[in-house]
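Numbering follows the numbering used here, in which position 134 of the sequence shown is assigned residue number 134; successive positions increment by one, without gaps.
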Amino acid sequence: MDIKGFIGSTTQLLPRIDWNIRFFGAHKQTVDSSWSMTKEFHHAFEILIVLDGAQETFIENEQFILKKDDILLIPPGFEHTNQCISSESMTYFCAHFDIDEPSLRMKIMRNCDWVYTPLNPYYSRLRECITKWIGILDEPEILFSKAKLRAQVVLFQLLEVLVDIQPVNTNIRTNQSMTTAKYAKEIADAIKWTFKKNLIENRGNVDYTVHIQPIIASLGISPNYGLEVFQKIYHMSPRKYLSDLKLQEAKILLQQPELSLNEIANRLGYKNLSHFSRQFKRWTGINPSDYRKKTNL
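Printed below as a string of structure tokens:
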């Protein structure tokens, strides 16, 4: 079929959107002069602003001093420590976010400068987004659902800023080759496509399983090398990435009250409801029925 003839020569199409986003751990806190955080790393981005006082941060053993109004952006997988270096106290706002769109994720990681001072050309746009999040915290009477929607709107505004950013300090960047990033993206896309395809075509068939290594091999990539580059880029195994896809899909299905728990378990390829319930509790700490009650209030 001639697709141009079908849709018309003047038709304009917006991009198809098929991704999951995460936003969590957002909080404003005042800490005393002895406050510090032990070494940690996240599978998500962390953004932090010092509202008052000063903070010392080590990222992969490199020291950064953040003064009042400085913004810190840490990409996924980077080990870091934070501590207050003010004589009295420090106030900061911090949030974590992530998106499973590989090319967007990689663009943000490559162009991240880590520290943004008020002199940085992108500072004011970053600060505007953070200020909007803090504004939600300052509305204690706001409905939970409305706060959730507003926080998500701001997250998309922040992602738009991060897409526009060009690094100022080219020495402070994730040192990943484009070839490695390309392979990891292809593997992630293939895993997601296979998972979605099985979900649609094998609905109710509990015998299907997504096997990682054949997917990598089908791309003409050595499975061992594919596992290595995927871990290097995403800081997680392909199996963990698939597990995250399953969890996100399970959460979406559980918010559809017309679907029984048995039907959801079958759609996701579990042999029985008890197997699905055990896995979901390992993921979230609560069973599917309790999650459904919590999210459908």
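From the three backbone atoms N, C-alpha and C, an ideal C-beta is built for every residue, glycine too.
(request) Compute the Euclidean distance between the alpha carbons of K39 and L119, then round it to the nearest angstrom. (result) Here the alpha carbon of K39 sits roughly 29 Å from the alpha carbon of L119.
(request) Verify whether the separation of the beta carbon atoms of L126 and Y92 is less than 8 Å. (result) Here L126 is not near Y92, since their CB atoms are 8 Å or more apart.
(request) Please classify S145: does DSSP put it in a helix, a strand, or coil? (result) Helix, per DSSP.
(request) State the Cα-Cα distance for the pair T194 and E249, rounded to the nearest angstrom. (result) Taking the Cα positions, T194 is about 14 Å away from E249.
(request) Specify the secondary structure class of V210 as computed by DSSP and reduced to three states. (result) Here DSSP, grouped into helix, strand and coil, assigns V210 to coil.
(request) Look at the alpha carbon of F58 and the alpha carbon of S36, and state the distance between them as a whole number of angstroms. (result) Distance between the alpha carbons of F58 and S36 is about 12 Å.
(request) Return the CA-CA distance between K294 and L137, expressed in angstroms with no decimal places. (result) Straight-line Cα distance between these residues: approximately 21 Å.
(message) I'd like to check one pair, L268 with L259: are the Cβ atoms closer than 8 Å?
(response) When the beta-carbon positions are compared, L259 and L268 stay at least 8 Å from each other.
(message) Using C-beta distances below 6 Å, list every residue in its chain close to N272, excluding the 5 sequence neighbours before and after it, in chain order.
(response) Cβ within range, chain order: n/a, list empty.
(message) What would DSSP say about F23, mapped onto helix, strand or coil?
(response) For F23, the three-state secondary structure derived from DSSP is strand.
(message) Using DSSP's beta-bridge definition, name the partner residues of M109.
(response) The bridge partners DSSP lists for M109 come to none.
(request) Would you decide whether N262 is buried or exposed? Buried here means 16 or more other CB atoms lie within 10 Å of its CB. (result) Exposed, by the Cβ-count rule.
(request) Report yes if the CB atom of T212 is closer than 8 Å to the CB atom of L242, and no otherwise. (result) Going by the sequence as given, residue 212 is Ile instead of Thr. In this structure, I212 places its C-beta atom within 8 Å of the C-beta atom of L242.
(request) Within 10 angstroms of the Cβ of N175, are there 16 or more other Cβ atoms? Answer buried if so, exposed if not. (result) Caution is warranted here: a pLDDT of 47 is assigned to N175, below 50, making its placement in the model unreliable, and no coordinate value can be reported.
(request) Give the secondary structure of N224 by DSSP, where H, G and I count as helix, E and B as strand, and everything else as coil. (result) If DSSP states are grouped into helix, strand and coil, N224 belongs with the helices.
(request) List the DSSP bridge partners of Y92. (result) Looking at the DSSP assignment, Y92 forms a beta bridge with Q29, V50.
(request) Taking I215 and A184 to be in contact with their CB atoms under 8 Å, please state how far apart those CB atoms are, rounded to whole angstroms. (result) With a Cβ gap of about 13 Å, I215 and A184 do not count as contacting.
(message) Which same chain residues end up closer than 6 Å to I49 when comparing Cβ atoms and leaving out the 5 residues on each side of it in sequence?
(response) Excluding residues within five positions, the ones whose Cβ falls inside 6 Å are I71, F93, I130.
(message) Going by DSSP, what residue range makes up the alpha helix (DSSP H) through E128?
(response) Per DSSP, the continuous alpha helix (DSSP H) segment holding E128 begins and ends at 123-137.
(request) Give the range of the beta strand (DSSP E) segment to which H80 is assigned. (result) Element bounds for H80: 80-84.
(request) Tell me where the alpha helix (DSSP H) around S243 begins and ends. (result) Boundaries of the alpha helix (DSSP H) around S243: 238-254.
(message) Less than 8 Å between the C-beta atoms of H96 and H27, yes or no?
(response) No, the pair does not count as a contact, with Cβ atoms beyond the cut-off.
(request) May I ask you to report which of helix, strand or coil DSSP gives T38? (result) Here T38 sits in strand by DSSP.
(request) Pick helix, strand or coil for D98, following the three-state DSSP scheme. (result) It is a strand residue.
(request) Using the Cα positions of T284 and Q231, report the straight-line distance between them to the nearest angstrom. (result) Taking the Cα positions, T284 is about 23 Å away from Q231.
(request) Starting from F45, follow its DSSP beta bridges and name the residues at the other end. (result) Looking at the DSSP output, F45 shares a beta bridge with F97.
(request) Taking 8 Å as the cut-off, decide whether the C-beta atoms of M90 and V161 are in contact. (result) Result no, Cβ atoms of M90 and V161 do not sit closer than 8 Å.
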